[in-house]
Amino acid sequence: MNTQKPKSIKNVGLIIAIFSGLVIFSNSMSALMFTLMGFNDFENTDATDLTSIDYVFNNISYFLLILVVLGVLFFIGGIQLMKYKLWAKKLLLTSSIVLITLLTLLLISGIYAAFDNIEMAFALIPITFIWLAFSVPLLFLIRFLNKNEIRIHIN
21 MNTQKPKSIK NVGLIIAIFS GLVIFSNSMS ALMFTLMGFN DFENTDATDL TSIDYVFNNI
81 SYFLLILVVL GVLFFIGGIQ LMKYKLWAKK LLLTSSIVLI TLLTLLLISG IYAAFDNIEM
141 AFALIPITFI WLAFSVPLLF LIRFLNKNEI RIHIN
């Protein structure tokens, strides 16, 4: 007997694929822009002249490329989740945990930088909002994928 699979799994997979497509496009264009503008140029600057913000801008294209890779993983996972694949569920769970860990490390590094410089404490406010804006939906995704009603339909 064929059981009716819930449409919510397909809807969640479609939403993941759409948002990850936007992440792929925006971060790849940003990485291209930062590279073309010459922000990845450690060879032409003296190491003593670099401030912490220079270090961030010199390495931002690597961070954006990591986000593109995570976006591709979420895109593949979202497309395959619409087909009720078990490996897509595992890929999405693993990618979500990795992204939450990276965002938490970013928040911790901001807190650590705020101890040295009081002006960096103001940077914690947007970092905290970014952490909340991305981590809470990812936690809901992890909770959704681990529900028994959803787990029994993914093969």
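Our numbering puts the first residue of the sequence shown at 21, with every later residue one more than the last.
For glycine and all other residues, C-beta sits at the position ideal for the given N, C-alpha and C.
Since the structure is predicted, the reported quantities are computational estimates derived from the model, not experimental observations.
Beta-carbon spacing of residue i, residue j below 8 Å
i: serine 48; j: valine 88; result: yes
i: tyrosine 104; j: isoleucine 29; result: yes
i: leucine 112; j: isoleucine 131; result: no
For residue j and residue i, the rounded distance between their alpha carbons
i: leucine 158; j: leucine 101; result: 15 Å
i: alanine 190; j: aspartate 136; result: Any property of residue 190 remains undetermined from this structure, which presents the chain solely from 21 to 175.
i: alanine 133; j: phenylalanine 154; result: 22 Å
i: lysine 25; j: isoleucine 128; result: 41 Å
i: isoleucine 162; j: leucine 119; result: 12 Å
DSSP state of residue i mapped onto helix, strand, coil
i: lysine 103; result: coil
i: methionine 21; result: Per-residue confidence for methionine 21 stands at a pLDDT of 49, beneath the threshold of 50, marking its modelled position as unreliable; no derived number is given.
i: lysine 30; result: helix
i: glycine 41; result: helix
i: asparagine 175; result: coil
i: glycine 130; result: helix
i: methionine 49; result: helix
Scan the region 79 to 124 and note each continuous alpha helix (DSSP H) run of 4 residues or more that stays entirely inside, going in chain order.
-> 80 to 101
Are there three or more Cβ pairs, one per stretch, closer than 8 Å when the region 124 to 132 is compared with the region 49 to 57?
-> no
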